[in-house]
Each structure stands twice: as structure tokens, then as C-alpha cells.
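For the sequence shown, my numbering gives the first residue as 4, with consecutive numbering after it. In this text, a Cβ means the ideal position worked out from N, Cα and C, and glycines have one as well. The structure under discussion appears below in the form of C-alpha cells.
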Amino acid sequence: MSAETAEAVIGDEGRTEIRRICEMSENEPLTEFQSERSKGLLSRVEVLVTGWGCPVIDDQTLAAAPRLRAIIHTAGSVKNHVTHACFDRGIAVVSAAAANARPVIEYTLAMILLEGKRVIPRAAEYRRSRRIPALRETGFSVGNYQRTVGILSASLIGRGVMQLLRQHDISVLLCDPYIDARTASQYGAELVSIEEVFLRSDIVSIHTPLLPATEGLVSRELIDSMPPGAVLINSARGAVVDQAALTDAAMAGRLRAVLDVTDPEVLPSDHPLWECENVLITPHLAGSQGNELERLRDLALAELRRWVQGEDLLHPVPHDALEVSA
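Here is the structure:
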């Protein structure tokens with residue numbers, strides 16, 4: 004992993020815990036696999052604890068690591084460094100995706116409820132007017148009672164959001180080609196087409212991984228079909244959405260958006276979304292930040308302990324997940 008990741012996620016406390024569990028070959032993180040020092044270390048390791056900034060573990064790296072039997076990742080997606088060759092070698096792969104999903108789920112629920120109450124635009128109006136509106140001015144468009152929320156993809160995060168929404172008076176629509184209506188109902192959701200999600204929802208929350216098949220999935224047609232005043236929340240990947248179409252709809256005042264991700268990240272300084280009052284842009288903060296990084300470390304090291312003790316792993320990454328996960 005990168006040196007920055009090592010300090011932020013592992014730290015001295017994590018290094019101490021690793022030493023309690025097993026022999027740690029090197030105190031400093033490997034940031035590349037090509038040097039003689041790295042090859043010397045790789046020749047002895049049985050487990051790699053990886054994180055953001057990990058180089059690709061390809062055939063050449065695996066050839067230098069004949070004893071490698073497990074890769075334990077302290078973050079979510081392993082697609083940027085774990086290759087099919089790792090699985091072909093029978094190497095166990097573990098991810099802390101479940102730990103990283105937790106704050107994204109919390110962020111999404113918070114934004115759904117805030118947008119249902121129209122907190123952000125109403126706070127801005129209150130700042131301008133210095134006046135509390137009368138009840139008759141508020142209208143029925145404000146509030147979370149009997150709202151309809153659309154969830155795009157029953158991913159780990161999407162499922163977590165649906166579970167939390169069951170505690171509220173909110174109807175949930177779900178679009179996911181990989182699950183059936185019975186499974187959707189277990190999460191309190193109605194399984195519908197992607198067109199229905201956008202047509203019927205007051206708020207749509209995107210939890211789709213960025214894959215070749217999902218790039219631009221949220222098209223201009225879908226965005227234009229959303230009811231006036233609807234909200235689009237994206238905490239997945241910016242390229243899943245036709246950003247030009249979303250910009251047009253937001254600038255016209257027809258839709259609101261909460262964007263934790265954009266395409267590109269960061270948007271150009273002169274992009275109109277920066278100044279659009281209908282759009283809240285957050286700096287990719289939904290995932291683990293601050294003390295939430297400790298949750299990533301704790302999950303990964305608990306899995307390391309299980310592996311050393313020969314116990315079943317709780318968060319293994321199956322080989323076929325490389326093709327359909329984030």
C-alpha cells in the first residue's frame with residue numbers, strides 16, 4: 004500500500020497487532036514490487052496485507068512470491084491490484100468492503116432524509132430571508148412521509164440502505180438484474196425496471212459499480228423522465244451518470260442532486276455544477292474517513308487472525324466477483 008495509507012489505516016497500533024498475530028517481515032510498506040528489496044521480502048511472505056495504492060499483483064509479482072497464500076485488503080474493491088492469476092494460484096482474497104460500506108450507507112440514508120425535508124435549499128432560503136415560512140408555504144413536497152426512494156443496484160451498500168429505510172415511512176423501488184422479486188421483498192423493496200425507478204421515485208440513489216456495461220447507465224432519457232423536483236444521489240461512481248444531462252436538468256431547476264462522485268473527480272473549476280444551487284457536491288467523503296479507517300483495519304486484522312488460526316474467513320472475495328463488483 005502507499006505510505007500514506009499505511010499510516011492512516013494501519014498505524015503503530017495496527018503494526019503492533021500484526022506482530023501479535025504473525026511475524027511481520029518489514030515495518031515499512033511495500034509501494035512497489037520490482038526492487039531487489041521487494042523481491043527479497045516477497046520470496047518469504049505467506050500473507051500480503053494490502054491497501055489503497057497497492058501495485059498490481061500480476062504473474063511477475065506472483066513468481067517472486069512462491070509462498071503467498073492470502074491477500075487481505077484493508078479497503079473495498081480489490082480490482083485495482085488483485086488479478087485472475089491470484090485466484091488461479093488458489094490464493095485466498097479478503098476485502099474490508101463490508102466495513103467500508105458502513106459509512107456510505109450512513110451517508111446515503113442521511114442525504115435521503117435531508118433531501119426529503121429539503122433541508123439544504125430551505126436552509127439557504129432561510130439564510131437569505133431571515134424568516135420562518137408559514138405552514139401553508141411549505142407544501143406537501145416537503146417531508147419524508149410516504150416518499151418513494153429508488154435504489155439502483157442491490158449491492159452491499161444498496162442492501163444496507165434498503166434495510167435502514169425499512170424503519171421509515173418510505174416506499175422503496177429496486178432495480179437490479181441479478182436478483183428476483185422475492186429477494187427484493189426481503190429488503191422491503193419492489194423490484195421494477197430501471198425506467199420505473201426513475202419515473203416513479205422522488206429520490207433515486209445510485210449504488211451501481213462502474214463496469215463497461217454500466218458506464219453512462221443513467222442516461223439522458225432516464226434523467227429527463229424523473230418527476231420535477233426529484234433528487235438524484237450518487238455515491239457510487241461519476242461515470243455511471245450522463246453528467247451533461249444531469250447538469251442540464253439541475254441548471255434548469257427541474258432536479259436536485261447530491262453528488263459525492265463526479266466525472267472527472269475533481270470537476271473543472273469553471274464547471275457550472277459548482278455554482279448550481281440545486282446541487283450539493285461533497286469531496287468523495289461517503290466512504291471511510293477519519294476514525295472510520297480504524298474499522299477497516301480492525302476487520303482486516305480480524306480476518307488475518309482467523310486465517311493464521313485456520314478458521315473460516317468471514318469476508319472472502321469470490322473469483323467471479325472481479326467481473327461484477329466495484
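**For residue 30, the three-state DSSP class (helix, strand or coil)** = coil
Residue 281, enclosing beta strand (DSSP E) - first and last residue
Unbroken run through residue 281: none, as it is neither H nor E.
TODO: Kindly indicate which residue of 112, 224 and 59 has the alpha-carbon position closest to the one of residue 170.
DONE: 112
Query - Three-state class that DSSP yields for residue 291 in the structure shown - result: coil
With a 10 Å radius around its C-beta and 16 neighbouring C-beta atoms as the bar for buried, classify residue 78 as buried or exposed.
buried
Fill in: Distance, residue 281 Cα to residue 232 Cα
10 Å
Fill in: Inside the stretch 49-133 only - alpha helix (DSSP H) runs reaching at least 4 residues
62-66, 87-91, 100-119 and 122-132
Practice task
Let me know if residue 179 comes out buried or exposed under the rule of 16 or more other beta-carbons within 10 Å of its beta-carbon.
Solution key: buried
Nearest candidate by alpha-carbon position, reference residue 30, set 23, 18 and 38 = 18
Problem set entry | Residue burial classification, residue 59 (beta-carbon count within 10 angstroms, cutoff 16) | exposed
- Item | Cα-Cα separation, residue 189 to residue 42 | 49 Å
**Message:** Looking at the secondary structure, which residues open and close the beta strand (DSSP E) in which residue 260 lies?
**Reply:** 259-262
task: Answer with buried or exposed for residue 207, where buried requires no fewer than 16 other C-beta atoms within 10 angstroms of its C-beta.
output: buried
Inset, instruction - Quick one: residues in its chain with C-beta nearer than 6 Å to the C-beta of residue 62, no 5 flanking neighbours on either side, listed in chain order? - result: 88
task = Could you pull the start and end residues of the alpha helix (DSSP H) that residue 141 belongs to?
result = 138-141
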